[in-house]
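Written below as structure tokens is the structure these notes are about.
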Amino acid sequence: MRGSTATAGWPAPEPAVLPATSVMKQHRRSKRQAQLRALALVAPLCIFLLVMFAWPLATMLQRAVSNDEFGAVLHRTSLSLAEWDGNGTPPENVYADLAADLRQANDEQKLGQVTSALNFDWAGARPLVMRTVRELSSEPANGWKQTLVAAAPDWGNPGLWALIKRLSQPYTSRHFLAALDLQHAADGSVERVDANMAIYQTLFLRTLWVSAAVAGLCLVLGYPVAALLARLPLKTSNLLMMLVLLPFWTSLLVRTTSWIVLLQGQGVINDILVFVGVVNDANRLPLIFNVTGTLIAMTHVLLPFMILPLYSVMKSIPPSYVRAALSLGASPVTAFRRVYLPQTVPGVLAGSLLVFVLAVGYYITPALVGGQSGQLISNVIAYHMQQSLNWGLAAALGSILLVGVLLVYWLFNRLTGGNGLRMG
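Sequential numbering from 455 applies to the sequence shown in my numbering.
Structure representation (structure tokens):
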């Protein structure tokens with residue numbers, strides 16, 4: 455009893471209170487640990503994007519302006535031409551350095567790098583260089599300048615030496631100029647190429663209008679389908695959605711080649727048109743291996759990419775909105791135009807942008823069904839990568855295409871205020 459009374463008489467001890475600084479340190483430590491855990495979760499994705507996306511783009515941009523191989527092979531000539539003022543032909547020592555570089559390149563089997571770089575801008579550069587190498591001797595009788603000009607008169611042309619001086623620079627703009635149908639004149643100024651050689655501007659414009667036309671056709675065909683899917687009961691709409699997604703289960707090559715069977719002169723579509731009397735047998739419609747075939751096949755391939763964003767937005771629109779407009783006296787057309795259509799604009803913009811961007815870079819479909827008039831810029835990029843081996847020009851064309859797509863996306867964001875890609 456005495457002990458209990460004494461214990462009751464003393465005040466209860468207060469719980470220990472940590473200093474405020476200690477609490478703040480623990481809070482910062484836990485917050486830092488949470489940030490590190492979040493960073494560890496997204497690090498694989500960031501590394502993947504850096505290695506598989508950012509680095510290839512940077513390499514492409516570097517390839518478009520890089521010109522170090524030519525100067526590395528003709529190293530002595532490049533150093534000598536750096537001191538040449540560009541008037542007339544170079545002095546004797548430049549010819550001597552060129553002869554030494556050509557002999558060394560021939561011994562090291564690197565003449566191909568010289569001839570390929572020159573041949574893109576100077577017709578007949580390969581036989582010129584090879585003939586010159588055969589005429590080289592250790593000690594010319596009349597000096598290197600006279601010897602080289604006698605072996606190939608083009609070595610006395612100031613324009614060729616101006617080209618070699620430009621190619622000797624570590625960076626060049628000639629690939630971008632060529633991609634825009636421009637070139638360097640003999641005096642170094644920029645001029646347009648001959649009309650019969652100007653093809654890239656036409657291809658860029660054709661790529662843009664074909665992509666825009668495909669996006670428009672997909673919108674016209676996909677909008678009613680998406681609206682129907684959004685209205686139908688869930689079981690029916692899921693069944694029809696399987697038909698929309700069915701092309702994704704089929705190879706792109708199979709889908710594209712099937713259009714060759716349908717659209718060719720003796721194909722199914724022309725046979726039906728002849729049977730119903732729309733055209734006669736002698737005047738069958740040319741629907742394949744032209745821009746018409748490209749439009750039809752690309753519209754079929756890219757149509758699901760328009761339907762899915764539209765369906766996502768339309769499914770989130772309550773049907774009561776249109777019913778309320780109808781109950782207030784609006785006609786069906788007015789209810790659609792004033793109530794339903796404005797709410798589907800985000801889906802329209804998202805689908806149009808998605809289809810347009812995909813169509814800009816499409817390759818296999820124009821290659822198979824496009825023929826001469828239906829080829830797009832992606833086909834020319836593939837040609838320079840695989841056949842002409844002009845990787846610098848291919849990189850310049852790809853870079854311009856990339857800038858064009860980014861410009862379209864920037865314009866899209868400006869017009870929509872950054873809210874155009876909301877779906878649902």
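Where is the CB? At the ideal position from N, CA and C, for every residue including glycine. The structure displayed is predicted, hence computed values, not measured ones.
Query raised in the report: In chain order, what residues of the same chain lie with their CB nearer than 7 Å to the CB of T459, ignoring the 5 residues before and after it?
Result: For T459, the predicted model reports a pLDDT of 47, less than 50, meaning its position is unreliable and no value from the coordinates is stated.
**Report entry** Same chain, Cβ closer than 6 Å to V698, five either side skipped, listed in chain order
**Finding:** P758 and I761
Report task. Please classify E562: does DSSP put it in a helix, a strand, or coil? Result -> coil
Query raised in the report: So what does DSSP say about T459, is it helix, strand or coil?
Result: Caution is warranted here: a pLDDT of 47 is assigned to T459, below 50, making its placement in the model unreliable, and the coordinate value is therefore given only provisionally. Of the three classes helix, strand and coil, the one that applies to T459 here is helix, per DSSP.
Query - Nonlocal neighbours in the same chain, by C-beta distance under 7 Å from N521, ignoring five residues either side - result: L621, Q623, P624, Y625 and T626
Query - Own chain partners of W576 with C-beta closer than 7 Å, once the 5 adjacent residues on each side are dropped - result: L614 and L617
Query raised in the report: In terms of alpha-carbon separation, which member of R486, G719, P800 and H754 lies closest to N737?
Result: G719
Query raised in the report: Is T788 near A751, with beta carbons less than 8 Å apart?
Result: no
Query - Cβ pair A518, S842 closer than 8 Å - result: no
Report task. Count the other CB atoms, across all protein chains shown, that sit within 10 Å of the CB of A579; report buried if there are 16 or more and exposed otherwise. Result -> buried
Requested in this report: Indicate the three-state DSSP secondary structure (helix, strand or coil) for S446 in the structure shown.
Outcome: With the chain covering only 455 through 878, there is no way to say anything about residue 446.
**Report entry** Reduced DSSP category for G801 - H, G, I as helix; E, B as strand; rest coil
**Finding:** helix
**Report entry** C-alpha gap between V664 and C672, whole angstroms
**Finding:** 12 Å
Query - Rounded straight-line distance, which links the Cα of K619 to that of T569 - result: 15 Å
Report task. Could you name the residues of the same chain whose beta carbon sits closer than 7 Å to that of N844, not counting the 5 residues immediately before and after it, in chain order? Result -> F574 and H838
Requested in this report: Please list, in chain order, all residues of the same chain as L634 whose beta carbon is under 7 Å from its beta carbon, the five residues on each side excluded.
Outcome: Y654 and Q655
Requested in this report: Given a cut-off of 8 Å, decide if A836 and Y817 are closer than it, judged by their beta-carbon atoms.
Outcome: yes
Query raised in the report: Does the Cβ-Cβ distance between V745 and S832 come in under 8 Å?
Result: no
Query raised in the report: Which runs of the beta strand (DSSP E) fall wholly inside the segment 640-717 and span at least 3 residues, in chain order?
Result: 644-646
**Report entry** Span separating the alpha-carbon of L493 from that of V799
**Finding:** 36 Å
Requested in this report: Give me the Cα-Cα distance between G858 and L869, rounded to the nearest whole angstrom.
Outcome: 16 Å
Requested in this report: Using 10 angstroms around the beta-carbon of R456, count the other beta-carbons present and answer buried if the total reaches 16, otherwise exposed.
Outcome: Interpretation of R456 is limited by its pLDDT of 47, a score under 50 that renders its predicted location unreliable; the figure taken from the coordinates is listed afterwards. It counts as exposed.
Query raised in the report: With a cut-off of 8 Å, does the C-beta of C672 fall near any C-beta of chain D?
Result: No chain D is part of this structure, which consists of one protein chain only.
Query raised in the report: Which class does L636 belong to by DSSP, given the choice of helix, strand or coil?
Result: strand
Report task. Drop a sphere of 10 angstroms on the beta-carbon of Q829, count the other beta-carbons inside from all chains shown, and report buried for 16 or more, exposed for fewer. Result -> buried
Query raised in the report: The alpha helix (DSSP H) spanning N611 covers which residue range?
Result: No alpha helix (DSSP H) contains N611, which DSSP labels as neither H nor E.
Query raised in the report: How is S591 classed by DSSP in three states: helix, strand or coil?
Result: coil
**Report entry** Test item: CB-CB of T753 and G824 under 8 Å
**Finding:** no
**Report entry** Contact test: Y549 Cβ vs the ligand NAP heavy atom, cutoff 7 Å
**Finding:** Questions concerning the ligand NAP fall outside what the structure shown contains, since it holds no ligand whatsoever.
Query raised in the report: In its own chain, which residues sit with a C-beta less than 8 Å from the C-beta of V776, not counting the 5 before and 5 after it?
Result: A789, F790, V793 and Y794
Requested in this report: Compute the distance between the beta-carbons of L892 and V644, then report whether it is under 8 Å.
Outcome: In the structure as shown, the chain starts at 455 and stops at 878, and residue 892 therefore has no counterpart that could be examined.
**Report entry** Residues sharing a beta bridge with W570, DSSP
**Finding:** Trp is not the amino acid found at residue 570; the sequence shown has Ser there. S570 pairs with nothing; no bridge assigned.
Requested in this report: Using the DSSP secondary-structure output, state which residues sit across from S520 in a beta bridge.
Outcome: Y625
Query raised in the report: In the structure shown, what three-state DSSP assignment does N724 receive?
Result: helix
**Report entry** C-beta atoms of T586 and A606 nearer than 8 Å
**Finding:** yes
Query - Coil, strand or helix - G858 by DSSP - result: helix
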